[in-house]
Amino acid sequence: MAILGVIKNLMKPYVYRARLRAEGARLAAAEDMQARAVGDAFLKAGCSAFDASEQALMESVEAQRLKVNARTDAFDQPDYGAGAGAAGGEGRTVRRVVGEFAQAASSPQVWASMHFALVRAVQPARCLELGTCVGIASAYMASALRLNGTGGRVITLEGAPGAAAVAESNFRDLGLENITVVVGPFQKTLETVVAEDPGFGFVFIDGHHDEQATWNYFNQIEPALVDGAVVVFDDIAWSEGMGRVWRRLAADPRMAQACDLRHLGVCIYHRPGGAAD
Ligand SMILES: C[S@@+](CC[C@H](N)C(=O)[O-])C[C@H]1O[C@@H](n2cnc3c(N)ncnc32)[C@H](O)[C@@H]1O
């Protein structure tokens, strides 16, 4: 059984890349310009068809990932997530070894490269991430913004001060100055971020994988989305509740497109009354 699990894990990137290519081919034939851009990004990530400058930036983040994965120091993580309930902040505190936490919780390369390709294709002025962890996905997004050359900033929210500190030191090592880390439970920080930093063209919801919390976070963020924003929901198959909220979001008329990539879901948001393209 253990061997089967290892084989299944080794196969995952191939399965996910095949899914990216299938959804990419579907969207690339769409009439809507934003859908075609997202489709092209899926194909790029699914085929690993990055140019040399893109490849170099992603490799530097991967080199940083290896360093952080090897860390043996530890920090305390407050359990603000599904385990502690949607109220947040009153759950357990878990001692985490940085390297183990980074390996278990960071986006793997296949998804991180998809975020990179999406940010390259969609060219958002602002990206929002719920759940920084040690900063791997935010580093990919910020590197893509840097290559876009249009300015742009990543705002990333993290409840565990220890994880946020590790992420900040990774960003310093990588020379990424276009990331703001907001420390505290989403339940307390998101309201201010949304009010102060509207205009998000790319959002990655990757923390507190609870059905109602995910629905609430999307609706809280919605007023700060631009028309055509790409919203990525992680771990849509993690629990029955996450599956339900994904199906609800995918069927919501505010979503112009919803792509089920098995592990995560990607939507294109259409602001009611906003331009289609
Ligand atoms: C799966 S990890 C994020 C991984 C990261 N997005 C990446 O791809 O590299 C989820 C993170 O969200 C944080 N988190 C979970 N629920 C939270 C909440 N309610 N408020 C603040 N942070 C939370 C956890 O501490 C954890 O670091």
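Residue 283 is where the sequence shown starts when you use my numbering, and the numbers rise one by one after that.
By construction, the Cβ of each residue, glycine as well, lies at the ideal position given by its N, Cα and C atoms.
Source: prediction; values computed, not measured.
Paired residues, beta bridge with residue i - DSSP
| i | result |
| --- | --- |
| D358 | R377 |
| E411 | T438 and F486 |
| Q539 | I550 |
| V512 | F484 and I550 |
| L507 | F482 |
Beta-carbon separation (whole angstroms), residue i vs residue j, contact threshold 8 Å
| i | j | result |
| --- | --- | --- |
| R544 | Y298 | 7 Å |
| R428 | R408 | That pair is no contact at about 14 Å. |
| A310 | D322 | 6 Å |
| I518 | A317 | Rounded, the Cβ-Cβ distance is 19 Å, inconsistent with contact. |
| V343 | A384 | In fact, because the Cβ distance is near 12 Å, the residues do not count as touching under 8 Å. |
| F484 | V392 | The Cβ separation is near 18 Å, so there is no contact. |
| T414 | E440 | 4 Å |
| V548 | V508 | Not a contact, Cβ separation roughly 16 Å. |
Rounded C-alpha distance that separates residue i from residue j
| i | j | result |
| --- | --- | --- |
| K294 | A304 | 15 Å |
| H397 | L456 | 18 Å |
| V379 | P535 | 42 Å |
| L325 | A331 | 8 Å |
| R301 | V527 | 21 Å |
| S389 | T375 | 23 Å |
| N460 | T432 | 12 Å |
| L348 | V514 | 25 Å |
| H552 | W497 | 17 Å |
| V476 | I285 | 45 Å |
| A327 | A399 | 6 Å |
| Q539 | A532 | 8 Å |
| Q469 | A345 | 33 Å |
| G510 | E341 | 29 Å |
| G370 | P360 | Reliability of the predicted coordinates at G370 is poor, the pLDDT of 46 falling under 50, and no value is obtained from them. |
| D333 | I418 | 20 Å |
| M537 | D355 | 42 Å |
| L458 | A421 | 7 Å |
| R529 | K290 | 25 Å |
| G555 | G287 | 47 Å |
| G481 | P467 | 22 Å |
| D542 | D516 | 11 Å |
| V404 | N430 | 10 Å |
| A442 | E336 | 30 Å |
| E522 | D314 | 32 Å |
| N351 | Q502 | 33 Å |
| G367 | M524 | Annotation note: pLDDT 41 at G367 (below 50); position unreliable, coordinate value reported separately. If I take the Cα positions, the gap works out to 14 Å. |
Span of the beta strand (DSSP E), counted from its first residue to its last, around residue i
| i | result |
| --- | --- |
| I461 | I461 to V465 |
Residue i: first and last residue of the uninterrupted alpha helix (DSSP H) it sits in
| i | result |
| --- | --- |
| H545 | Looking at the DSSP string, H545 is not in any alpha helix (DSSP H), and its letter there is neither H nor E. |
| E313 | Segment: none, E313 is in no alpha helix (DSSP H) and carries neither H nor E. |
| L531 | E522 to A532 |
| L458 | Taken as a continuous stretch (DSSP letters only), L458 belongs to no alpha helix (DSSP H), as it is neither H nor E. |
| S389 | Element bounds for S389: n/a, residue is neither H nor E. |
| I418 | I418 to N430 |
| S335 | A334 to N351 |
Any non-hydrogen atom of ligand 2 within 7 Å of residue i CB
| i | result |
| --- | --- |
| F486 | Ligand 2 is not among the ligands present in this structure, which contains only ligand 1. |
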